[in-house]
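Chemist:
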Amino acid sequence: MIRNLFVEVVLCLVSCAAPVPEPLNLILLVDWSSSLIDGRDLIKSDIKEASSWWGQQASGKDGGRLEIMVIGTGIDDVGLVYSKHCPASFNAPVYEFKKRWMNDFEMELDSALEKLPSNGGSGIIEAMFRATYRLSEFEGKKVLIVFSDMREVNNDFNFENSIPEERAFYLWVDHRYLTPKFDGVTILITGFRPYPPNTTTKKLTPFDFGRLREFWLSLFHTWGADVRITERLTIKNLEGGVGQ
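The sequence shown begins at 14 in this note's numbering and counts up by one.
1) What runs of the beta strand (DSSP E), each 3 residues or longer, lie entirely inside the region 37-80?
2) Just confirm the distance between the C-beta atoms of Y146 and K216, as a whole number of angstroms; I'd bet it's less than 8 Å.
3) Quick check on this structure: which residue in F170, F160, V107, S72 has the alpha carbon closest to the alpha carbon of G87?
4) At what residues does the beta strand (DSSP E) containing I88 begin and finish?
5) For the alpha helix (DSSP H) that contains I137, what are its first and last residues?
6) Please state if the CB of F228 and the CB of I176 are separated by a distance shorter than 8 Å.
7) Determine the direct distance from the alpha carbon of Y95 to that of S64, and round the result to whole angstroms.
8) Out of curiosity, what's the CA-to-CA distance linking A105 and K74?
9) V198 lies in the beta strand (DSSP E); which residues open and close that run?
10) Under a three-way DSSP split, which group does N116 fall into?
11) Hey, how far is the Cα of G197 from the Cα of F151?
12) In chain order, what are the residue ranges of uninterrupted beta strand (DSSP E) at least 3 long that sit wholly in the region 157-240?
13) When DSSP builds the beta bridges, which residues end up paired with I242?
14) Could you say which of P207, G68, N38 lies nearest to E244 if we only look at CA atoms?
15) Tell me which residues share the same chain as E134 and place their Cβ nearer than 8 Å to its Cβ, disregarding the 5 neighbours each side in the sequence.
16) Can you tell me the Cα-Cα spacing of L49 and V43, whole angstroms?
17) Buried or exposed, going by whether 16 or more other CB atoms sit within 10 Å of the CB of R164?
Listed below in structure tokens is the structure:
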């Protein structure tokens, strides 16, 4: 009996000391609407940088999943353009298998980025709802990066024309059960800047641009979400938000 107790204690100590695997799950939500036409090359570069960062982190630690989704016009129009799973471990020789996986991943990613749709919608909050609930299906770290100017356009609101009162939009989202699932998700919004107007969009005044930023920050605060908004994506943004 003493021997059995000793074995149980040893097993307990081993299991308690073993680190818990924490896969890194990342969804990139891309606004490919007409208001961002002049910024698409920069956004595509940032998408590749974020994806490569995920590949290095996931392959070097506990694996995970990357998905790239394009924002559409509504809840039923969010397109999945790329999905990649990284295993938690690689066969021996580990270095060779990991290098091969990274090379295949980067080739697939380049191909996927060339196939992004020519135009998308601006149902931003609906897409965030879909993306956050998708992340809730995974174990481990959950990260959502939104590439957007955050000018929501749906059947009831058009931020291109005017920015609504926060309360009105909050109630609109709530009554449609579209509040994103923010629990446990690190969220970064990037690409947020005043893009040059084109035939389908109007120029943002300094006042409107500042109000748009405060609108979203206040709304996310109301929802209890810790969200950062940046103009360009950097590795510092990623590492600072996700942690190592």
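Note that CB positions come from ideal geometry on N, CA and C, so glycine has one too.
Quantities reported herein were computed from a predicted structural model and do not represent experimental measurements.
Modeler: Answer, in terms of the structure:
1) The DSSP assignment places 37-43 as complete runs of the beta strand (DSSP E) inside the region 37-80, in order along the chain (cut-off: 3 residues).
2) Working through the sequence shown from its first residue, we reach residue 146 at position 133. Working through the sequence shown from its first residue, we reach residue 216 at position 203. Rounded, the Cβ-Cβ distance is 35 Å, inconsistent with contact.
3) Within the sequence shown, residue 87 is the residue found at index 74, counting from 1. When each option's Cα is compared against that of G87, the closest is F170.
4) Within the sequence shown, residue 88 is the residue found at index 75, counting from 1. It is not in any beta strand (DSSP E) - I88 carries neither H nor E in the DSSP assignment.
5) Counted from its first residue, the sequence shown places residue 137 at position 124. 137-148 is the span of the alpha helix (DSSP H), which, as asked, contains I137.
6) Taking the first residue of the sequence shown as 1, we reach residue 176 at position 163. Taking the first residue of the sequence shown as 1, we reach residue 228 at position 215. Yes, Cβ-Cβ distance for I176 and F228 is below 8 Å.
7) For this step, residue 64 is matched to residue 51 along the sequence shown. For this step, residue 95 is matched to residue 82 along the sequence shown. Taking the Cα positions, S64 is about 11 Å away from Y95.
8) The sequence position of residue 105 within the sequence shown is 92, counting from 1. The sequence position of residue 74 within the sequence shown is 61, counting from 1. Cα to Cα, the separation comes out at about 16 Å.
9) As a first step, residue 198 is located in the sequence shown; it is residue number 185 there, counting from the start. From DSSP, the beta strand (DSSP E) with V198 extends over 198-203.
10) On the sequence shown, residue 116 is found 103 positions in, with the first residue counted as 1. Three-state DSSP puts N116 in a helix.
11) As a first step, residue 197 is located in the sequence shown; it is residue number 184 there, counting from the start. As a first step, residue 151 is located in the sequence shown; it is residue number 138 there, counting from the start. For G197 and F151, the distance between alpha carbons rounds to 11 Å.
12) 198-203
13) As a first step, residue 242 is located in the sequence shown; it is residue number 229 there, counting from the start. According to DSSP, I242 bridges with I202.
14) The sequence position of residue 244 within the sequence shown is 231, counting from 1. Among P207, G68, N38, the Cα nearest to that of E244 is on P207.
15) For the purposes of this step, residue 134 is taken as residue 121 along the sequence shown, with counting starting at 1. A small correction: the amino acid at residue 134 is Gly; Glu does not occupy that position in the sequence shown. So the qualifying residues of the chain are S46, I84, G85, T86, G87, D90, V166.
16) Here residue 49 is taken as the residue at index 36 of the sequence shown, counted from 1. Here residue 43 is taken as the residue at index 30 of the sequence shown, counted from 1. Looking at the two C-alpha atoms, the distance is approximately 10 Å.
17) By 1-based counting over the sequence shown, the position of residue 164 is 151. It is buried - the Cβ of R164 has at least 16 other Cβ atoms within 10 Å.
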